[in-house]
Structure formats: C-alpha cells, structure tokens
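S.K.: Just dropping this structure here.
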Amino acid sequence: MEEIAPGEQAAVRIRTIVPRDLRRYLQTTSIFVALALLWVVLSFSSPYFFTTSNVLNILLQSSVVGILAAGFTLVLISGEIDLSFTSVSALAGVVAAVIIVQDGVPVVLGIVLVLGVGAAAGLVNAYMTMIAGIPSFIVTLAMLGIAQGLAFVLTGAQTIQGFPYAYTVLGQGKVGRIPVPVFFLIGVYLVLHYVLSHRPFGVDVYAVGGSRRAATLAGLRPGRVVTIAFVISGVLAAIAGIILSAQLDAGQGNFGQTNLLDAIAAVVIGGSSLNGGSGTFFGTAAGVLMIASINNGLVILGVSPFWVQVVVGLIILAAVMTDRLAKGELDVRQLVPIPRRGS
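In the working numbering, the protein residues as written are 1 to 343.
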C-alpha cells in the first residue's frame, strides 16, 4: 500500500473534519476579524485614524486598487493569472486623454471606447492563453509591457492634462461626503458577488478553476469561461484607469504602476487560491481595506513609504503560508526541520 506523506495526511484530516463551505466561511470571517483588530490597533496608535474624514480617505484610496483586485480575483478563481491589469489601466487613462482632451471626442463616447480597449486587452490575453496554449503568466507579463509601451508611444512619454468636468467628476466628485469612486467600487463588488453566487456563470468559474478536466467532462467550455473572466478583468482595469485619470485630471503611461503589488496582496490576503477554484469577493474586499488601512496608518504614524512596500511584501508571504498551512498543503516541520534522534 502506498504511503501517504505527512502533509497529505494533514490535508485529508482537515478536508474530512471541516466541510468545504464551512472552511470558506471561517476563512472569510477570519479576514474581517483581522481587519477589525488592525483598525483597533491603529485607532489606539493615532487619534486621527478613525475620524470620518480619514475613513472616507481610506475608502477613496481603496477604489482604484479594489476594482483592479476584483478583476484579478475573477481570473484567479478561473485558474489563470493576470499581471497586466495595471498597465491596461494606465493605457486606458492615456487613451481617454488622447481621444477626449486632444481629439475632442464626447465624454460618453470616449468612455465607451476606453472600455473597449480594456475588453480587447482581455480578449488578447484569453486568446493567447487558451488558443495558443501559452501560460497566462507569460501572456499577461507580455501584455504588461505592451500596454505600457503603447501608453508611452501615444503620449510621447508626456502627461496629457485638461479633462472636461463631466469626466473629472468620475474621480473627484462627491455625493454628500462620499466620493464618487467609492460608489463604483461598491457597485463592482456587489455585481460580481451576485454573479458568482447566484448565476450559472459563477458555478462555471469555480468548476473550471477547480479542475479543468472535470469541468470539460461535465460539459462546460473552459475556453469560454476563461475568456469571459479575462475580458471582465480588462474592462475593470479600464474602469480603474478612467477613475485614476479623472482623479489626477491627466493621462500618463506610468500612472498606477504601484497598484500591482497592493492588488495582488489584497487578493491573496482575501483567501483566493493561487491554484484556482477558490476565492470570494467579500474576502478580496476585506483584503483591499486591510492594505489601504496599513498604507494609511503607516503614513499617519510617520513611517517611511518605502517601508510600506516591505510590509506589503511580507504580508503576501505570510498570507500564502498561512493559507497553505490551514489547508494542510504545508507542514510546519517543512518550515522548521526537527532533527531526528541519532542523526
């Protein structure tokens, strides 16, 4: 009889004792508990953290990263990866600046064309991944360079400024005291959560991400599911680019490049599996708020912004290790080898 490794034995025990739905619920709940504890610590660390203006500021800071993270979450659940979203976002802002500011295209038509750019980028990513058979990591890494390069070509590496008010209101406007981008953020997450939880496409995404072979045998079309996921990710990247360029009243090729690490960190912290087939948008939302709160809190405490990147990187490693330990995919003895007697 074949011997089962200790790590696999732990995985079997966890999966047997704790049902999958319950594990997912506990994982999502633990993220919100950790977020609440973080807020308590930061509130005691600074009296300025939990003020109304600062909470709204955190939500505003979360808007662009949160929308990017939502697209990344969907692609990740489908079993693929998208590293191009920040460059597609920058390209979207540049295209908006070129056609609306320089060419005088009406705002509504310009926004539709920009969303088309995002959808096209997602379609290319899906085609090269599913038809050409190139790993999505390589495809989207290439798209990252292509999109950013095109953004610089279109602007001549210059900044294009001067959007009309009807455009800038999307990034700078407020409804009462709540910034308009926050409504976009909430709307995106509510729609995607509904689709994944209550529509057949949501079941298909989880099935394809969990086992592509099993999904195919069940009559699903993985290529179609992954293509839709990539296109949605591209459109969401374009929306994020529109909001960011509206906030800054400008389009530039390197806008938002620092959002890549934050978005990936938020998704990983939110519990999405890097192997696909697992993840929730509520978890990603908590991850986004956690990253934004850490960034905001460290700035308030006067910590160098360079340390923020270090902290986010460490959080990514810690989140992945914790997730693997919880699933039984990693044994503590692998991390801290215990010498055997007599050795």
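C-beta atoms are modelled at their ideal positions from N, C-alpha and C, and glycine is treated no differently.
#1: Between Asn295 and Ala266, what straight-line distance do the alpha-carbon atoms span, to the nearest angstrom?
#2: If contacts are defined as beta-carbon pairs under 8 Å, then Ile67 and Val205 qualify, I think. What distance do you get, rounded to the angstrom?
#3: Do Val94 and Thr155 have their C-beta atoms within less than 8 Å of each other?
#4: Would you call the CB atoms of Phe183 and Val175 closer than 8 Å?
#5: Under three-state DSSP, which class holds Ile243?
#6: Would you please state the rounded distance, in angstroms, between the beta carbons of Gly297 and Leu60? I believe it to be under 8 Å.
#7: What residues match up with Pro179 in a beta bridge as DSSP calls it?
#8: If you check the beta carbons only, do Phe281 and Gly122 fall under 8 Å apart?
#9: Which whole runs of the alpha helix (DSSP H) in the segment 216 to 294 are 4 residues long or more, in chain order?
#10: Starting from Gly156, trace the alpha helix (DSSP H) both ways and give me its first and last residue.
#11: Would you decide whether Phe255 is buried or exposed? Buried here means 16 or more other CB atoms lie within 10 Å of its CB.
#12: Please identify the residue among Ser63, Leu109, Thr168, Ala119 whose C-alpha is closest to the C-alpha of Ser84.
#13: I want to know whether the segment 143 to 158 touches the segment 89 to 103 - three or more CB-CB distances under 8 Å.
#14: Alpha carbon to alpha carbon, how far is Pro181 from Val226? Give it in angstroms, no decimals.
#15: Measuring straight from C-alpha to C-alpha, what distance separates Val268 and Ile316?
#16: Please say whether Asp82 and Asn125 have beta carbons closer to each other than 8 Å?
#17: Around the Cβ of Ala132, are there at least 16 other Cβ atoms within 10 angstroms (buried) or fewer (exposed)?
#18: Any chance you could list the alpha helix (DSSP H) runs of at least 4 consecutive residues sitting entirely within the segment 82 to 165, in chain order?
#19: With a 10 Å radius around its C-beta and 16 neighbouring C-beta atoms as the bar for buried, classify Asn275 as buried or exposed.
#20: Leaving aside the five residues before and after Leu260 along the sequence, list all residues of the same chain whose C-beta is less than 6 Å from its C-beta, in chain order.
#21: Using three-state DSSP, classify Phe72 as helix, strand or coil.
#22: Excluding the five sequence neighbours on either side, which residues of its own chain have a C-beta within less than 6 Å of the C-beta of Gly241, listed in chain order?
#23: Taking only three categories from DSSP, how would you classify Leu301?
#24: State yes or no: is the C-beta of Gly116 within less than 8 Å of the C-beta of Ile99?
#25: From Leu289 to Thr168, what distance separates their C-alpha atoms?
#26: Is Gln247 buried or exposed, if buried means 16 or more other CB atoms sit within 10 Å of its CB?
#27: For Ile134, which residues in the same chain have their Cβ closer than 7 Å to its Cβ, ignoring the five residues on either side in sequence?
#28: Please classify Phe50: does DSSP put it in a helix, a strand, or coil?
#29: Excluding the 5 residues flanking His193 on each side, which residues of the same chain have their C-beta closer than 6 Å to its C-beta?
#30: Shortest alpha-carbon distance to Leu170 belongs to which of Ala69, Val107, Ser30?
M.R.: Taking the geometry as given:
#1: 12 Å
#2: No, Ile67 and Val205 are not in contact; Cβ-Cβ is about 18 Å, not under 8 Å.
#3: yes
#4: yes
#5: helix
#6: In fact, because the Cβ distance is near 15 Å, the residues do not count as touching under 8 Å.
#7: Lys174
#8: no
#9: 222 to 248, 259 to 269
#10: Looking at the DSSP string, Gly156 is not in any alpha helix (DSSP H), and its letter there is neither H nor E.
#11: buried
#12: Ala119
#13: yes
#14: 28 Å
#15: 7 Å
#16: yes
#17: exposed
#18: 85 to 96, 107 to 130, 136 to 155
#19: exposed
#20: Thr86
#21: helix
#22: Ser89, Ala92, Gly93
#23: coil
#24: no
#25: 24 Å
#26: buried
#27: Met128
#28: coil
#29: Phe281
#30: Val107
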